[in-house]
Amino acid sequence: MPVIRPLPPELINQIAAGEVIERPSSVVKELVENSLDAGATRIEVDIEQGGARLIRVRDDGCGIVPDELQLAVASHATSKIGSFDDLEHVASMGFRGEALASVSSVARFALTSRAQGMETAFRIEVDGGKMQAARPAQHPQGSSVEVRDLFYNVPARRKFLRAERTEFAHIDDLLKSLALARGSVEFRLSHNGKPVRILKAARDESAALLRVAEVMGEDFPAQSLRIDHAAAGLHLSGWVGLPTASRSQADSQYFYVNGRLVRDRVVAHAVRQAYADVLFHGRHPAFVLYLELDPAGVDVNVHPAKSEVRFREQRLVHDFLFRTLHEALAHTRAGNTGLPSSEPQAPMMAPSYSMAPPSAAAVSAPAWPNAFSQSRLSLGVRDEPMAGYAALLGEPAHAPASMAFPAHVPMPEASEEEAPPLGFAIAQLKSIYILAENMHGLILVDMHAAHERITYEKLKAGRACSNLRSQLMLVPLNVSVSAKEAAAAEEHGDALADWGLELSRSGPSGVVVRRIPALLEGADVAQLCRDVLAELAQHGSSRRLQELENELLATMACHGSVRAGRRLTLPEMNALLREMEATERSGQCNHGRPTWTQLSLPELDKLFLRGR
Numbered sequence: 003m004p005v006i007r008p009l010p011p012e013l014i015n016q017i018a019a020g021e022v023i024e025r026p027s028s029v030v031k032e033l034v035e036n037s038l039d040a041g042a043t044r045i046e047v048d049i050e051q052g053g054a055r056l057i058r059v060r061d062d063g064c065g066i067v068p069d070e071l072q073l074a075v076a077s078h079a080t081s082k083i084g085s086f087d088d089l090e091h092v093a094s095m096g097f098r099g100e101a102l103a104s105v106s107s108v109a110r111f112a113l114t115s116r117a118q119g120m121e122t123a124f125r126i127e128v129d130g131g132k133m134q135a136a137r138p139a140q141h142p143q144g145s146s147v148e149v150r151d152l153f154y155n156v157p158a159r160r161k162f163l164r165a166e167r168t169e170f171a172h173i174d175d176l177l178k179s180l181a182l183a184r185g186s187v188e189f190r191l192s193h194n195g196k197p198v199r200i201l202k203a204a205r206d207e208s209a210a211l212l213r214v215a216e217v218m219g220e221d222f223p224a225q226s227l228r229i230d231h232a233a234a235g236l237h238l239s240g241w242v243g244l245p246t247a248s249r250s251q252a253d254s255q256y257f258y259v260n261g262r263l264v265r266d267r268v269v270a271h272a273v274r275q276a277y278a279d280v281l282f283h284g285r286h287p288a289f290v291l292y293l294e295l296d297p298a299g300v301d302v303n304v305h306p307a308k309s310e311v312r313f314r315e316q317r318l319v320h321d322f323l324f325r326t327l328h329e330a331l332a333h334t335r336a337g338n339t340g341l342p343s344s345e346p347q348a349p350m351m352a353p354s355y356s357m358a359p360p361s362a363a364a365v366s367a368p369a370w371p372n373a374f375s376q377s378r379l380s381l382g383v384r385d386e387p388m389a390g391y392a393a394l395l396g397e398p399a400h401a402p403a404s405m406a407f408p409a410h411v412p413m414p415e416a417s418e419e420e421a422p423p424l425g426f427a428i429a430q431l432k433s434i435y436i437l438a439e440n441m442h443g444l445i446l447v448d449m450h451a452a453h454e455r456i457t458y459e460k461l462k463a464g465r466a467c468s469n470l471r472s473q474l475m476l477v478p479l480n481v482s483v484s485a486k487e488a489a490a491a492e493e494h495g496d497a498l499a500d501w502g503l504e505l506s507r508s509g510p511s512g513v514v515v516r517r518i519p520a521l522l523e524g525a526d527v528a529q530l531c532r533d534v535l536a537e538l539a540q541h542g543s544s545r546r547l548q549e550l551e552n553e554l555l556a557t558m559a560c561h562g563s564v565r566a567g568r569r570l571t572l573p574e575m576n577a578l579l580r581e582m583e584a585t586e587r588s589g590q591c592n593h594g595r596p597t598w599t600q601l602s603l604p605e606l607d608k609l610f611l612r613g614r
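Counting from 3, one number per residue, gives the positions in the sequence shown under this note's numbering.
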């Protein structure tokens, strides 16, 4: 057997570097986070050759006293924690004391710092793990770290570096994410001596939104909702993109926990569920969200790069995020979003949302007094799906209230100032689209998609207000599941029963299904149970039953809505517009497609090269 012996410190640091330092952007992350922990208000990052040749980070933080310079580069030496209790309440970005030791073991490293109140700065250099004595240097208050020739002594790692442009793109993305986390700090980035990005410190809400626009795109503020909600010791703030501003990739999603950018499955699941009813298949929402909670409620010491966390109250966090975002998106209605402008200007303030109880006026009919505000829509739809739905709920079969419309309603006399958001109908195009005029210009509405959403929301409201019926299975069904899922069935049995799914544990890895929701008759019961229990086991909650019911209601709404090719009268078209303004999530149909769009007068003028 080989002899057991301790590893030399240089090799220990290189092994640690393999976990923490993946590429140049990893170095930038560790150094900038140290600057933030030092209280810096200005951070400059200079890069050469994508970071392979040089990474220099300068800040105006508190600095390091000369006696602690060598200790700052030593392994597992830090000023941020000193006991296990400190580790349980970490509030700083760094805390392990590994970053500088790891970086200095795989590069030519230099640290220059002048502590607050000191007249002289000092510099220390480390080459391949060999440290030199500190010597006086010229430097303003703060610190500078230079990392040259990254991985020069680890050729195998250097071979894995990508092209210069690719590595710098990773650094740029990283700096943008850090800038979103700390709006009060100024960030400057240069590459090969050329300034690339300057992000000024944000002193107020308007400046903070400007920074968000710089990172997310200038259209994002006008196409997002402002979130600010607190409950149960949790506070969520930030901006979430409207469903119509979704993206083909999940590349504009920033979620911060106590100022730390993280990727977390609980968060991702909650956000995905919140958008499930409004997002087109395969699309991803854009958001910048900040979750604040007691540091003791989150464990940040679960990943070498600190990019993952573990919540101690996982289910509470999941439900809080889902309900906050779900309610915010539910209050979006067609016509209430900001109008994009072709003129250069500061970003529009995003519509704000908080979960205060709505007033009676907020949930009543539209506030614009006209003949259509009390009208109902009758479009000659099929009522078979409605009758089937009513039978499942044990109610008399009838069409919903939205389907009784008076035959003739006079057109109102309205000026532009009194026009509602979606304006007044002026024509129908190809029996598919409604054309309307509002104070901004031209509105186009997909009448089937819009009516589908209206009908769907009314069906959901009817479902929520009715007693849920369940159906006893003729023969109880045995379903094989994992031991963890069987335990979840036992733990959440009462909650499942409230949804009409009655099951009990039949052994270490099995459950017996006795009742299912009547609305889901004909579904694959075994697969349904596995899906529900898998989510309960992993996240502590599941909406699979509700999602399946919503899918069925969406199908009913699709069949029960006005079809393309149907000619509508002007009163019917205006009634549909007023219903859209009063219906939650009416900006998208049940499948996530947009229901309306606005063409402003400047946009129309541009089409015809018309000056004003």
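Even for Gly, the Cβ is constructed at its ideal location relative to N, Cα and C. Since this is a predicted model, take the numbers as computed values, not measurements.
Residue 577 places its beta carbon 8 Å or farther from that of residue 535. Between residue 231 and residue 268, the gap from beta carbon to beta carbon reaches 8 Å or more. Taking all protein chains in view, the Cβ of residue 324 is crowded by 16 or more other Cβ atoms within 10 Å, so the residue is classified as buried. Closest by C-alpha distance to residue 250, out of 273, 281 and 73, is 281.
Three or more beta-carbon pairs separated by less than 8 Å link the segment 65–78 to the segment 111–119, which places the two stretches in contact. Taking the Cα of residue 508 as reference, the smallest distance to any Cα among 501, 39 and 495 is reached at 495. For residue 10, the closest alpha carbon among the candidates 222, 337, 253 and 107 is that of 107. Of the other Cβ atoms in all chains shown, fewer than 16 fall within 10 Å of the Cβ of residue 140; this residue is therefore exposed. Distance from the CA of residue 100 to the CA of residue 463, rounded to the nearest whole angstrom, comes to 55 Å. Separation of residue 233 and residue 318 (C-alpha to C-alpha, rounded to the nearest whole angstrom) is 10 Å. Distance check between residue 421 and each of 431, 429 and 445 places 445 closest, using alpha-carbon atoms only. Restricting attention to 246, 7 and 283, the CA atom closest to the CA of residue 336 is found in 246. In the same chain as residue 600, and ignoring 5 residues on each side of it, the C-beta atoms closer than 7 Å to its own belong to 341, 442, 443 and 445, in chain order.
Of the candidates 439, 609, 433 and 587, the residue whose Cα lies closest to the Cα of residue 227 is 587. When the beta-carbon positions are compared, residue 190 and residue 150 stay at least 8 Å from each other. In this structure, DSSP gives residue 48 an extended state, which the three-state scheme calls strand.
Pairing residue 159 with residue 25, the inter-Cα distance amounts to about 9 Å. Residue 204 and residue 186 have their C-alpha atoms roughly 5 Å apart.
Classified as exposed, residue 252 has fewer than 16 neighbouring CB atoms from the shown chains inside 10 Å of its CB. The beta carbon of residue 425 sits closer than 8 Å to those of 438, 439, 440, 441, 445 and 579, all from its chain and outside the five residues before and after it, given in chain order. Within its own chain, the residues whose Cβ lies closer than 8 Å to the Cβ of residue 175, once the five positions on either side in sequence are excluded, are 27, listed in chain order. In the three-state reduction of the DSSP assignment, residue 296 falls in the coil class. Looking at 512, 604 and 520, the one whose alpha-carbon comes closest to that of residue 531 is 512. Where residue 600 is concerned, the enclosing beta strand (DSSP E) starts and stops at 598–602. Shown here, residue 239 sits in a strand according to DSSP, grouped into three states.
Here residue 193 is buried. Its C-beta has 16 or more other C-beta atoms within 10 Å. Take residue 510, set aside five residues on each side of it, and the residues of its chain with a beta-carbon closer than 8 Å to its own are 485 and 488, in chain order. The residues 122, 123, 124 and 125, in chain order, have a CB closer than 8 Å to that of residue 138 in the same chain once the five nearest residues on each side in sequence are set aside.
Bridge partners of residue 132 according to DSSP: 129. Rounded to the nearest angstrom, the gap between the Cα atoms of residue 65 and residue 276 is 44 Å. With at least 16 other beta carbons inside 10 angstroms of its own, residue 22 counts as buried. Just so you know, the alpha carbons of residue 565 and residue 447 end up roughly 13 Å apart. In the structure shown, the three-state DSSP call for residue 458 is helix. The C-beta of residue 313 has 16 or more other C-beta atoms within 10 Å across all chains shown, which makes the residue buried.
Secondary structure of residue 255 (DSSP, three-state): strand.
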